[in-house]
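*Asks:* Numbering (mature numbering (1 follows the signal peptide of the UniProt record, and there is no 0)), first residue to last: -19 to -1, 1 to 257.
Yeah, the Cβ is synthetic: ideal placement off N, Cα and C, and Gly gets one too.
Shown next, in the form of structure tokens:
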């Protein structure tokens, strides 16, 4: 009996030592905070956001192949049809709308730069048909147009260079860190993509003619003052589907697929835009 008790004690001590050794060799896993979790399928939308709209579409995915030098070649002729979805989410905590992989339309004429204009209304959280926007039967707040739809236009009430409502400006501050709109008058009607063949002041990103790739700035935010006096802060996150961090070829990802977020200050003339 004494030997049995001694054996049980020895086994118990061994188990305790093994457990202690295991705990020492395997550090505790960090606790993931809810605010840092991202929506499944995205790398930038908070998991707490609620889906308010979705749309389905087909797109042409270029299938790369390796050249003689081992580098991937993206040939537009080698593509296959695939199905995709676009989403609009709303973060109730900070009152931010997220537009994810929302499709643009192909142009019907060569003068449209390859894609039809894209009109969006911040209040309805939805696109506005081109015919309705042109006819003035439905209001819109931002229009994307020209090459890859990389140029932004507003429905300003005065010409460019003159102060007035419906204007736009670029601030060199990241979206989450921008808490207040500037008090100085706004005079811009457009925000362009910065191109390497001419100087553009404060665009939302860059476009190089050498490789025809769009590169958004991550540290810039766009401010609108709507025609009713309300301020909106807006970030065009990407025009490539899936919001890739790195793009190596102009055919690697499809464009334009809109990825942007915005926050509306509902009180007219209140410059508070804090979302943190």
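Is the distance from the Cβ of residue 187 to the Cβ of residue 196 below 7 angstroms?
*Replies:* Yes; because the gap between Cβ atoms is below 7 angstroms, this pair is in contact.
*Asks:* Going by C-alpha to C-alpha distance, which of 253, 225, 232, 233 sits closest to residue 240?
*Replies:* Per the Cα distances, 225.
*Asks:* Rounded to whole angstroms, what's the CA-CA distance from residue 22 to residue 66? Just pull it up for me.
*Replies:* Approximately 11 angstroms, taken between the alpha carbons.
*Asks:* From residue 106 to residue 231, what does the alpha carbon distance come to, in whole angstroms?
*Replies:* Answer to the nearest angstrom: the Cα atoms are 29 angstroms apart.
*Asks:* Quick check on the DSSP output: what are the complete beta strand (DSSP E) runs of length 3 or more inside the segment 181 to 245, in order along the chain?
*Replies:* Qualifying beta strand (DSSP E) stretches, in chain order: 186 to 189, 194 to 197, 202 to 206, 212 to 219, 238 to 245.
*Asks:* What residue range does the beta strand (DSSP E) around residue 72 cover?
*Replies:* Note, residue 72: beta strand (DSSP E), 60 to 72.
*Asks:* Considering Cα atoms alone, identify which of 108, 242, 215, 27 is closest to residue 148.
*Replies:* Checked all of 108, 242, 215, 27; the closest Cα to residue 148 is 215.
*Asks:* How would you write the range of the alpha helix (DSSP H) that residue 115 sits in, first residue to last?
*Replies:* That run of the alpha helix (DSSP H) goes 111 to 116.
*Asks:* Does the segment 109 to 119 touch the segment 58 to 75, meaning 3 or more C-beta pairs lie closer than 8 angstroms?
*Replies:* Too few Cβ pairs lie closer than 8 angstroms, so no.
*Asks:* First and last residue of the beta strand (DSSP E) that includes residue 82?
*Replies:* Here the beta strand (DSSP E) through residue 82 covers 77 to 84.
*Asks:* In chain order, what residues of the same chain lie with their CB nearer than 6 angstroms to the CB of residue 198, ignoring the 5 residues before and after it?
*Replies:* These residues qualify, in order along the chain: 186.
*Asks:* Please work out which residues of its chain come closer than 7 angstroms, Cβ to Cβ, to residue 157, disregarding the five sequence neighbours upstream and downstream, and give them in chain order.
*Replies:* Here the set comprises 256, 257.
*Asks:* So, at 7 angstroms on beta carbons, what are the nonlocal neighbours of residue 218 in its own chain, with the 5 sequence-adjacent residues on each side left out?
*Replies:* Result list for residue 218: 25, 197, 224, 240, 241, 242, in chain order.
*Asks:* Compute the Euclidean distance between the alpha carbons of residue 40 and residue 34, then round it to the nearest angstrom.
*Replies:* Approximately 19 angstroms, taken between the alpha carbons.
*Asks:* Going by other Cβ atoms of all chains shown within 10 Å of its Cβ, with 16 needed for buried, is residue 248 buried or exposed?
*Replies:* Label assigned to residue 248: exposed.
*Asks:* Sort 77, 254, 155, 251 by Cα distance to residue 31 and report the nearest one.
*Replies:* With distances taken between Cα atoms, residue 31 lies closest to 77.
*Asks:* Over the uninterrupted beta strand (DSSP E) stretch that includes residue 150, give me the two end residues.
*Replies:* Note, residue 150: beta strand (DSSP E), 148 to 152.
*Asks:* Determine the contact status of residue 205 and residue 221, defining contact as a CB-CB distance below 7 angstroms.
*Replies:* Contact flag unset, no.
*Asks:* Can you tell me where the beta strand (DSSP E) with residue 32 in it begins and where it stops?
*Replies:* First-last of the beta strand (DSSP E) with residue 32: 31 to 43.
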